[in-house]
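> Take 1 as the starting number for the sequence shown in full-length UniProt numbering and just add one per residue.
Take this structure first; my questions come after.
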Amino acid sequence: MGFVVGLDAGGTSTRALVLDLDGTRLGAGVAGGANPNSHPPEEAAAHICQALVVALDGLDAGKVESGVLGMAGSSKLTDPRVAGLFEAAWADAGLRCPLRVITDAEAAFATGSASPDGTVVIAGTGSTSARIADHRLVSTAGGYGWLLGDEGSAFWLGREAVRATLRALEGRTPQDALTAAVLAQAGVDPDPPRAAWRHLITEANRARPVDLARYAPLVTAHAAAPTAHPIIGAAVAHLTDLALADREDGDDTPVVLMGSLVHAHPLGARLRAELAARTRAPVRIATEGAAGAAWLAAVALLGDTAPRPS
1 MGFVVGLDAG GTSTRALVLD LDGTRLGAGV AGGANPNSHP PEEAAAHICQ
51 ALVVALDGLD AGKVESGVLG MAGSSKLTDP RVAGLFEAAW ADAGLRCPLR
101 VITDAEAAFA TGSASPDGTV VIAGTGSTSA RIADHRLVST AGGYGWLLGD
151 EGSAFWLGRE AVRATLRALE GRTPQDALTA AVLAQAGVDP DPPRAAWRHL
201 ITEANRARPV DLARYAPLVT AHAAAPTAHP IIGAAVAHLT DLALADREDG
251 DDTPVVLMGS LVHAHPLGAR LRAELAARTR APVRIATEGA AGAAWLAAVA
301 LLGDTAPRPS
């Protein structure tokens, strides 16, 4: 019996999963982020290979009959040079089956639901929603990346936390537990405030833009802080609007949520409550996009009757 492999490549990490055709998990691997929009393509492709090599350890890679890569930034592979790097990484891991690339949204929805149709919202380093029909993406909302959008994402939360801290250092709002945590994580002494203001701006701009996401956990960890309330509320509103952007009244197909923020309390709970109040559809949570990608790889061989990952 052959195998199938699925990968979930995001801005922060890449996960690979190998399944037997009966849905049994045979191997898993984790590597660094592989979104070629937020990482150099050479680095992103190397992380794909690393995750695959770990997942296939002890297995015959030549027995993989179908493989799917679910990836944030999949549009980047329209560049032949970038596509060539990923194809080479695939081959270097020992795979001989074709590489099929799908969006991370399609992989996430397949993880949370076996339904061929519905909506998926991804709230991780970035943010996007997608309408799925017959297991394929047919429309999107958001997903513009850190420069043009990603409202409600971990990047956005982290940036808003830093901005709130800068306003507090300017004396426009009181300093609180969240602003103190931001300064501590940035390694900035809070006194005197004007020097701290300059130092924090320098530290935030020194790193890659995507690294602002590292401040996101501070927002939910200090949710009771006055500066955190409007940030969390705005994030919930942004993500709810994304979820409903391509849905018609009365649509009862599933809404699947995936990403680190979906599990971050209280933001995730508030998002689920808001969606429940505004739609009658079942709201489900997906935890591992690689499982959905691997299941879709099995669907390509066995159809919709392919066993779900155990």
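The beta carbon of each residue, even a glycine, is placed where N, CA and C say it ideally should be.
CA-CA distance, M71 and A130?
Straight-line Cα distance between these residues: approximately 14 Å.
> So T125 is in the alpha helix (DSSP H); what residue range does that whole segment cover?
That residue, T125, is in no alpha helix (DSSP H); it is neither H nor E in DSSP.
> Just tell me which of D20, V255, V101 and T253 has its CA closest to the CA of V64.
Looking at the Cα atoms, D20 is the closest of the given residues.
> Do you know how far the Cα of V101 is from the Cα of T78?
Cα to Cα, T78 sits roughly 11 Å from V101.
> Looking only at C-alpha atoms, which of P40, F3, G149 and A269 sits nearest to V68?
Answer by Cα proximity: F3.
> Name, in chain order, the residues that DSSP records as bridge partners for S74.
None, per the DSSP bridge assignment.
> By how many angstroms is the C-alpha of P41 removed from the C-alpha of L85?
So the alpha carbons of these two residues sit roughly 7 Å apart.
> In the structure shown, what three-state DSSP assignment does A216 receive?
A216 falls in the helix class under three-state DSSP.
> Which whole runs of the alpha helix (DSSP H) in the region 221-278 are 4 residues long or more, in chain order?
Counting whole runs of 4 or more residues, the region 221-278 contains the alpha helix (DSSP H) stretches 228-244 and 267-278.
> Terminal residues of the continuous alpha helix (DSSP H) containing D92?
D92 -> alpha helix (DSSP H) spans P80 to D92.
> Please state if the CB of A108 and the CB of A286 are separated by a distance shorter than 8 Å.
Closer than 8 Å, so yes.
> If you compare alpha carbons, which of T24, A298, G292 and L56 is closest to M258?
Of the candidates T24, A298, G292 and L56, the one whose C-alpha sits nearest the C-alpha of M258 is G292.
> Looking at the unbroken alpha helix (DSSP H) that takes in G142, where does it start and where does it end?
That residue, G142, is in no alpha helix (DSSP H); its beta strand (DSSP E) goes R136 to G142.
> For A264, is the classification buried or exposed, using 16 other Cβ atoms within 10 angstroms of its Cβ as the cut-off for buried?
A264 comes out buried.
> With which residues is F3 paired in a DSSP beta bridge?
Looking at the DSSP assignment, F3 forms a beta bridge with D20 and V64.
> Report all residues from its chain with a CB closer than 7 Å to the CB of T179; omit the five preceding and five following residues, and keep chain order.
The residues are A164, T165, A168 and T227.
> Quick check: the region 85-95 against the region 232-244, are at least 3 beta-carbon pairs closer than 8 Å?
Verdict: no, contact absent.
> Give the straight-line distance between the Cα atoms of V120 and A281, rounded to the nearest whole angstrom.
So the two alpha carbons sit approximately 12 Å from each other.
> With 16 as the cutoff for other CB atoms within 10 Å, does S310 come out buried or exposed?
When all chains shown are included, S310 counts as exposed.
> Which residue marks the beginning of the beta strand (DSSP E) containing T173, and which one marks its end?
Per DSSP, T173 belongs to no beta strand (DSSP E) and is neither H nor E.
> Within its chain, find whatever has a CB closer than 7 Å to the CB of G158; leave out the 5 residues flanking it on each side and keep chain order.
For G158, where only same-chain residues beyond five positions count, the Cβ hits under 7 Å are L212, A213, R214, Y215 and A216.
> Check whether the Cβ atoms of D22 and P307 lie closer than 8 Å to each other.
Their beta carbons are under 8 Å apart, which means D22 touches P307 by this criterion.
> Under 8 Å by Cβ, that's how I've got S66 and A297 pegged, so tell me the actual separation to the nearest angstrom.
Confirmed, about 4 Å.
> With contact counted as at least three CB pairs below 8 Å, one residue from each stretch, are the region 141-156 and the region 189-206 in contact?
Output reads no: the region 189-206 does not touch the region 141-156.
> Kindly list the residues whose CB is nearer than 8 Å to the CB of Q185, restricted to its own chain and excluding five residues on each side of it in sequence; keep chain order.
R214, Y215 and L218.
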